[in-house]
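Here the sequence shown is numbered in the working numbering, starting from 95 and rising by one per residue. Where a beta carbon is used, it is the ideal one built from N, C-alpha and C, also for glycine.
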Amino acid sequence: MRDAILIIGGGIAGINCALNAARYGTKVYLVDDTASIGGMMARLDKTFPTNDCSICIEAPQMYDTDNQENIEILTHTEVRKVKAKNGGFDIRLVKRPKYVDEEKCTGCGACVEACPVSIPDEMDGKIGGKRKLISMAFPQAVPNMVSLDPACRSGEMQDAGACIGGCAVDCSQCRECPIALCVKACEKEGKNAVTLWQSAKNVKLEVKSIVVATGIDAARPAGDLLGYDLYDNVITGMQFERLMNAGGPTAGEIIRPSDGRHARRIAWVQCAGRGLAPGKGVPYCSKICCMIATKQVIITKEHDAAVETTVFYNDLKAYGKNFWGFYQKAVDAGVRYIRGRPYEVQENPETRNLVVRYENLETGKIETHEVDLLVLSTGIVPNERNAKLAKVLGIELDHLGYFKEKDPLTAPLETSVPGIYLCGGATGPIDIAESVVQACAAGMKAVLRP
Ligand SMILES: Cc1cc2nc3c(=O)[nH]c(=O)nc-3n(C[C@H](O)[C@H](O)[C@H](O)COP(=O)(O)OP(=O)(O)OC[C@H]3O[C@@H](n4cnc5c(N)ncnc54)[C@H](O)[C@@H]3O)c2cc1C
Numbered sequence: 095m096r097d098a099i100l101i102i103g104g105g106i107a108g109i110n111c112a113l114n115a116a117r118y119g120t121k122v123y124l125v126d127d128t129a130s131i132g133g134m135m136a137r138l139d140k141t142f143p144t145n146d147c148s149i150c151i152e153a154p155q156m157y158d159t160d161n162q163e164n165i166e167i168l169t170h171t172e173v174r175k176v177k178a179k180n181g182g183f184d185i186r187l188v189k190r191p192k193y194v195d196e197e198k199c200t201g202c203g204a205c206v207e208a209c210p211v212s213i214p215d216e217m218d219g220k221i222g223g224k225r226k227l228i229s230m231a232f233p234q235a236v237p238n239m240v241s242l243d244p245a246c247r248s249g250e251m252q253d254a255g256a257c258i259g260g261c262a263v264d265c266s267q268c269r270e271c272p273i274a275l276c277v278k279a280c281e282k283e284g285k286n287a288v289t290l291w292q293s294a295k296n297v298k299l300e301v302k303s304i305v306v307a308t309g310i311d312a313a314r315p316a317g318d319l320l321g322y323d324l325y326d327n328v329i330t331g332m333q334f335e336r337l338m339n340a341g342g343p344t345a346g347e348i349i350r351p352s353d354g355r356h357a358r359r360i361a362w363v364q365c366a367g368r369g370l371a372p373g374k375g376v377p378y379c380s381k382i383c384c385m386i387a388t389k390q391v392i393i394t395k396e397h398d399a400a401v402e403t404t405v406f407y408n409d410l411k412a413y414g415k416n417f418w419g420f421y422q423k424a425v426d427a428g429v430r431y432i433r434g435r436p437y438e439v440q441e442n443p444e445t446r447n448l449v450v451r452y453e454n455l456e457t458g459k460i461e462t463h464e465v466d467l468l469v470l471s472t473g474i475v476p477n478e479r480n481a482k483l484a485k486v487l488g489i490e491l492d493h494l495g496y497f498k499e500k501d502p503l504t505a506p507l508e509t510s511v512p513g514i515y516l517c518g519g520a521t522g523p524i525d526i527a528e529s530v531v532q533a534c535a536a537g538m539k540a541v542l543r544p
């Protein structure tokens, strides 16, 4: 299989890289360490600059990837060892158990319904998002199946009300569970797909090239940045994205975490935390946040034109094709853009409204602005698993933690190791269109490598 290629990361970049390479006739292994391919785009509501529904665009590509005979998808899988050999690479992967049989699970959801414990969802916790201990990553997940939280199986969730745990026999030794409600619900459906005794599997591959497409993350606010830790109604841009998403925890209702009331006055703070001491904020411009906020204000206005929307910004980045027109659309919809630097937020304990104190950069004066909900655009950061992967691959990260290119001008998708290429958010903050362009180019480099 020396003609095969390995793509690490199944976001929109990895998916496009895989589809292009596979249509060219190449065998592709597409690896993601989460339960589904899709990446960040699967969590978004709509996408700038067209405001098309994000998952409606990505899901058909995810299904094509799943149905492409040249592509093998390996989810819940980590790259553990890479060794250069005979002009290609020997790879060792570890497929972590989902405790659910991939062949048997149809994603019917009976086990999810039966599970008695809901815990805060990692991404949507502050805005009320919850998930069960056995759950599907999102409704359109590929593969369309559930996975079980390992903490449940080990008994750690017993105090939270989990049915598993405290058993004298370790799950790995026992193939018939009389306790777990998810197991019983699955048996009732006649599928017997929940397999608590599953263990990790080693997978070995031989490939001629590797594409790293491990993507980006949304920065979490450091400390009590502008009241984030103190006040329920201060949220991040990522959380707002989930709030306005029909598939999100509030079914698309733009409501306040503190009391569930519809927010009538909302402000966005661009570059929130930027320029603070190292480790307290993102020190660089993330390039896409101005357009993310502009998308969010336009959609907010589409939900309800009467909602007052304000964007505090330093310097507007509308660098891409149709981006300036997109910004104009927001202005025409009545969005107020203020060149100002918010530095303090205080909550009115009775109304839970927030008073933002800011320096007006046009007049130099200190002013205040009261809102129901405050959204912090905290920037984009590298994926935190990059450092571990860079070590395994023997390639470098740059000083910010993104993968380092061989030459930023003439070889921006190559690395210091011949045969290992980069695309999408693995290279730095990036939008979807640019990720797709890079993915196609990196895929072709990987395929055409002699
Ligand atoms: C709040 C927000 C809103 C946005 N809105 C827009 C928008 O409207 N329009 C737009 O153009 N862009 C938008 N973006 C940017 C967009 O999300 C990115 O351009 C896009 O997700 C980049 O795709 P990617 O495939 O490179 O990375 P990702 O989508 O991050 O996917 C990376 C994948 O790699 C996997 N992975 C990571 N590390 C490993 C590893 N070590 N091993 C195996 N797998 C791994 C991850 O699980 C993930 O599935 C937004 C971003 C944010 C944060």
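Close CB contacts of K298 within its chain, under the 8 Å cut and outside five residues either way in sequence, are with D184, I185, R186, L187 (chain order). Judged by DSSP in its simplified three-state form, A527 adopts helix. Distances from the CA of N145 to each of I304, L320, D311, K395 were compared; the closest alpha carbon is that of K395.
Put simply, the backbone Cα of I489 is about 20 Å away from that of V541. By the neighbour-count criterion, in which 16 or more other beta carbons inside 10 Å mark a residue as buried, G105 falls on the buried side. H493 and T509 have their C-alpha atoms roughly 15 Å apart. Between the alpha carbons of A279 and K285 lies a distance of about 9 Å. Within the same chain, E490, L491, F497 come within 8 Å of A484 by CB-CB distance, once the 5 residues on both sides are set aside.
The beta carbon of D243 sits closer than 6 Å to those of L227, all from its chain and outside the five residues before and after it, given in chain order. In this structure, F406 has its beta carbon at no less than 7 Å from each heavy atom of ligand 1. Remark: three or more beta-carbon pairs, one from each stretch, lie closer than 8 Å, so the stretch 97-114 and the stretch 294-308 are flagged as touching.
In the pairwise beta carbon analysis, the stretch 501-519 is classified as not touching the stretch 357-377: fewer than three pairs are separated by under 8 Å.
Relative to ligand 1, S529 has its C-beta within less than 7 Å of a heavy atom. Between the stretch 258-269 and the stretch 161-172, the count of C-beta pairs closer than 8 Å stays below three; the two stretches do not touch. Residue nearest to A262 within the set V173, S248, L467 is S248 (criterion: CA-CA distance).
For R190, there is no enclosing alpha helix (DSSP H), as DSSP gives it neither H nor E.
Beta-bridge analysis with DSSP links R186 to K175, K298. No residue range can be given for Y378, since it is assigned to no alpha helix (DSSP H) and is classified by DSSP as neither H nor E.
For T159, the enclosing alpha helix (DSSP H) starts and ends at 148-161. By the C-beta density criterion, Q422 is exposed, having fewer than 16 other C-beta atoms within 10 angstroms. Relative to the non-hydrogen atoms of ligand 1, the Cβ of L138 comes within a distance shorter than 7 Å of at least one. Judged by their CB atoms, I310 and P143 are not nearer to each other than the 8 Å cut-off. In this structure, L320 keeps its C-beta atom at 8 Å or more from the C-beta atom of V236. At least one heavy atom of ligand 1 lies less than 7 Å from the C-beta of E172. Between V288 and Y193, the gap from beta carbon to beta carbon is short of 8 Å. Residues I349 of the same chain have their beta carbon placed closer than 6 Å to that of H356, with the five preceding and five following residues left out of the count. In the DSSP assignment, R247 falls outside any beta strand (DSSP E) and within the unbroken alpha helix (DSSP H) covering 244-247. Contact annotation: I221 and Q333 have beta-carbon atoms nearer than 8 Å. The beta carbon of V301 sits closer than 8 Å to the beta carbons of M95, R96, A98, I99, L100, Y123, G182, F183, I185 from its chain, once the five residues preceding and following it are set aside; these are given in chain order. At least 8 Å separates the beta-carbon of G522 from that of R368.
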